[in-house]
Amino acid sequence: MPKGTDATTTRESATRARTRRAILDAAVTLLSTDPAASLGDVAEAAGVGRTTVHRYFPERSDLIAAIGADITERVEVATNRARLDDGPAPEALERLCQEYFELGDRLMLLYDVPQFAEWSGFEQETPADRAILALLRRGQEQGTLDPHTDTGWMQEVLWALLYAAWLRTRDHGTPRHAALTQCLRTLAKATAS
48 MPKGTDATTT
58 RESATRARTR
68 RAILDAAVTL
78 LSTDPAASLG
88 DVAEAAGVGR
98 TTVHRYFPER
108 SDLIAAIGAD
118 ITERVEVATN
128 RARLDDGPAP
138 EALERLCQEY
148 FELGDRLMLL
158 YDVPQFAEWS
168 GFEQETPADR
178 AILALLRRGQ
188 EQGTLDPHTD
198 TGWMQEVLWA
208 LLYAAWLRTR
218 DHGTPRHAAL
228 TQCLRTLAKA
238 TAS
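Quick note on my numbering: the sequence shown kicks off at 48 and runs consecutively.
Dropping the structure here:
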């Protein structure tokens, strides 16, 4: 093997990863404001040629699936960063909400763009889902979260409040910190024992 081949391959892989990331990021930004945007529109927003987008994502459904997988991965990372096993459950739930709030643009796509309802990963339970439910059960067992409210219901309330906070920020110009504060306050009251 010629010297430098591994470095060349690594450089090409890094370039491909950056290009793929640029396309995904541009698609998220564009689809957030124009759910009907074409792959050509995504290419223009990403600053790459249309053929480049098609090389990575031959069909729109491939792009949707890649965005969905990226969102799932980001949610998993955010869930881990929230350290759900550390401290009292209400504090862990607050950390989780803060982490998820930062993913607003991406997560809103799942609710706002109809194609995501057709994505096969949309309804799959993830490790993050299981971690949230475990946190809520722990809080109930420790007496810090309402033992009479179903944990699945509390999880849905978490997502609904986050969505409301993201909408307030995006559509009403509410400052991010104010929307998050209202979200956290309401979540604490809704789940308190």
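No residue lacks a Cβ here, since even glycine has one placed at the ideal position from N, Cα and C.
For residue i, which beta-bridge partners are listed by DSSP?
i: Leu192; result: Ala239
So residue i and residue j are supposed to be a Cβ contact under 8 Å. How far apart are they, rounded?
i: Ile118; j: Leu157; result: 7 Å
i: Gln75; j: Asp152; result: The identity of residue 75 in the sequence shown is Val, whereas the question assumes Gln. At roughly 6 Å, the Cβ-Cβ gap stays under 8 Å, so Val75 and Asp152 are in contact.
i: Arg107; j: Leu86; result: 6 Å
i: Thr126; j: Ala178; result: 5 Å
Leaving out five residues before and five after residue i in sequence, what residues of the same chain have Cβ atoms less than 7 Å from its Cβ?
i: Cys144; result: Leu205, Leu209, Cys230, Leu231, Leu234
i: Leu71; result: Ala113, Ile114, Asp117
i: Ala212; result: Phe148, Ala226, Leu227, Gln229, Cys230
i: Lys236; result: none
Can you list, in chain order, the residues of its chain with a C-beta nearer than 6 Å to that of residue i? Leave out the 5 residues immediately preceding and following it.
i: Ala239; result: none
i: Ala92; result: Ala73, Leu77
i: Ala139; result: Leu131, Leu182
According to DSSP, is residue i part of a helix, a strand, or is it coil?
i: Gln171; result: coil
i: Asp81; result: coil
i: Phe104; result: coil
i: Gly94; result: coil
i: Val122; result: helix
i: Glu138; result: helix
i: Val204; result: helix
i: Asp197; result: coil
i: Arg63; result: helix
i: Arg223; result: helix
i: Glu165; result: helix
i: Ala69; result: helix
i: Val89; result: helix
i: Val75; result: helix
By Cβ distance, which residues of its chain are closer than 8 Å to residue i, with the 5 residues on each side in sequence left out?
i: Pro161; result: Pro82
i: Met201; result: Leu183, Leu192, Asp193, Ala237, Thr238
i: Arg68; result: none
i: Pro137; result: Gly186, Thr191, Leu192, Ala235, Thr238, Ala239
i: Glu123; result: Thr173, Pro174, Ala175
Original post:
Contact between the segment 190-200 and the segment 219-230: three or more CB pairs below 8 Å?
Top reply: no
Original post:
Taking contact to mean at least 3 C-beta pairs separated by less than 8 Å, is the segment 75-85 in contact with the segment 120-131?
Top reply: no
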